[in-house]
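Novice: Residue numbers (the working numbering): 69 to 449.
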């Protein structure tokens, strides 16, 4: 398959030279000053509108997420795992369709998967964990989390395992809350289309709301923010807007469905403060798993968590929108690497001989080791 402006690599050395462009480029870091982390995904052929989609969204016969996860956990006891993200990643690891997409921090592992058999060129896609994000409302635009003790990961992992009705209701309410925030804060902005300014208002609001809720104030939120130190709220219009958004937040936060979410989180990990940046739950991010699993360790594995409402994305057009959202937020599209079909076999052989990367090392279980050994002997005798 021909591709204009593709970066081709015909050998291991050429693939290893490609990241030099990444290391020499100037990429913006996120607000936590985390170092750049480049992640890769190798695929045996070029998929157009679904290349960044997790297996849950790529199902040909759409099966409800809760049906899959609940049945799996009924048959396979996962109570020994630490938390709901560990359970979700365990199910992904063993082939259940989930909202997690496998990526790796080792470009040679991605190269191996890009060279697996097909009738087309392979492709290595490049991701950046702290790529500069599109202007948005929530300050919670971070794209990389360690799975240990992270609120966003726990919230969305628990939500993923809940029933479809509850999940759909929560997503519906979050999107309505987002519209309310945009409408309310645009009314006090000099430019009603200035998303960045609207975002600043929302971020200040959420900071106050979280501080108020966690500190267990004995006064109303209205009285709490009626304080000279909160400069925005000295103006009547700002004050009125903050109260309007606060009421909308409370309606969402104290809804039966969100309270059910909090209960499920508490059952999973114990105490959890009942305050969420709901608008920070609507974008994809990477997670470093903490499962002590030989395959994940061998593959230098990470997951891309795709927190989109599954039930609302039935058509090809809708799936393309998810794919594009991931692309603009996380993918360095102009730095993808194409592996020519004619070079796949020789590269796989070199990966095995020179780098020790093969089926047995990447899938270190008895069945795959046996398959690797038998194929190796059949090829040489």
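Note that the Cβ used here is the ideal one computed from N, Cα and C, for glycine as well.
Between residue 189 and residue 399, is the Cβ-Cβ spacing less than 8 Å?
Specialist: Indexing the chain shown from 1 puts residue 189 at position 121. Indexing the chain shown from 1 puts residue 399 at position 331. Taking 8 Å as the Cβ cut-off, residue 189 and residue 399 do not qualify as a contacting pair.
Novice: Between the Cα of residue 75 and the Cα atoms of 437, 404, 253, which residue gives the shortest distance?
Specialist: The residue labelled residue 75 in the question sits at position 7 within the chain shown. Measuring from the Cα of residue 75, the nearest candidate turns out to be 404.
Novice: Let me check understanding here. Comparing Cα to Cα, which of 402, 364, 310, 337 lies closest to residue 221?
Specialist: Translated into the one-based positions of the chain shown, residue 221 becomes position 153. Relative to residue 221, the option among 402, 364, 310, 337 whose CA is nearest is 337.
Novice: Can you give, in chain order, each stretch of the alpha helix (DSSP H) that sits fully within the region 123-174 and has at least 4 residues?
Specialist: For the alpha helix (DSSP H) assignment, the uninterrupted runs of no fewer than 4 residues enclosed by the region 123-174 are, from N- to C-terminal side, 133-143, 152-161.
Novice: With contact counted as at least three CB pairs below 8 Å, one residue from each stretch, are the region 239-257 and the region 356-367 in contact?
Specialist: no
Novice: Check whether the Cβ atoms of residue 226 and residue 333 sit closer than 8 Å, and answer yes or no.
Specialist: Translated into the one-based positions of the chain shown, residue 226 becomes position 158. Translated into the one-based positions of the chain shown, residue 333 becomes position 265. Their beta carbons are under 8 Å apart, which means residue 226 touches residue 333 by this criterion.
Novice: Of the choices 143, 409, 441, whose alpha-carbon is the least far from that of residue 114?
Specialist: Mapped onto the chain shown, residue 114 falls at position 46. Here the closest residue by C-alpha is 409.
Novice: Looking at residue 140: is its Cβ nearer than 8 Å to the Cβ of residue 168?
Specialist: As a first step, residue 140 is located in the chain shown; it is residue number 72 there, counting from the start. As a first step, residue 168 is located in the chain shown; it is residue number 100 there, counting from the start. Cβ atoms of residue 140 and residue 168: not closer than 8 Å.
Novice: Kindly list the residues whose CB is nearer than 7 Å to the CB of residue 369, restricted to its own chain and excluding five residues on each side of it in sequence; keep chain order.
Specialist: As a position in the chain shown, residue 369 is number 301, starting the count at 1. The residues are 170, 172, 357.
Novice: By the three-class DSSP mapping on this structure, what secondary structure does residue 195 have?
Specialist: For the purposes of this step, residue 195 is taken as residue 127 along the chain shown, with counting starting at 1. In the structure shown, residue 195 sits in a strand (DSSP, three-state: E or B).
Novice: For residue 156, which of 144, 137, 142 has the nearest alpha-carbon?
Specialist: If you number the chain shown from 1, residue 156 lands on position 88. Selected option, being the one with the closest Cα: 137.
Novice: Would you kindly work out how many angstroms separate the C-alpha atoms of residue 428 and residue 440, rounded to a whole number?
Specialist: Mapped onto the chain shown, residue 428 falls at position 360. Mapped onto the chain shown, residue 440 falls at position 372. Rounded to whole angstroms, residue 428 to residue 440 spans 6 Å at the Cα level.
Novice: Apart from the five residues just before and just after residue 416, which ones in its own chain have a Cβ nearer than 6 Å to its Cβ?
Specialist: Position 348 of the chain shown, counted from the first residue, corresponds to residue 416. Within the same chain, residue 416 has close Cβ partners 183.
Novice: State the start and end residues of the unbroken beta strand (DSSP E) segment that holds residue 403.
Specialist: The count along the chain shown starts at 1 and reaches residue 403 at position 335. Here residue 403 belongs to no beta strand (DSSP E), and DSSP marks it neither H nor E.
Novice: In whole angstroms, give me the CA-to-CA distance for residue 386 and residue 436.
Specialist: Numbered from 1 along the chain shown, position 318 holds the residue referred to as residue 386. Numbered from 1 along the chain shown, position 368 holds the residue referred to as residue 436. C-alpha separation (whole angstroms): 37 Å.
Novice: Evaluate the contact criterion for the region 239-250 versus the region 316-333: three or more CB pairs, one atom per stretch, below 8 Å.
Specialist: Short answer: they touch.
Novice: In whole angstroms, what is the alpha-carbon distance linking residue 418 and residue 372?
Specialist: Sequence index remark: in the chain shown, residue 418 carries index 350 (1-based). Sequence index remark: in the chain shown, residue 372 carries index 304 (1-based). Near 29 Å, if we compare the C-alpha coordinates of residue 372 and residue 418.
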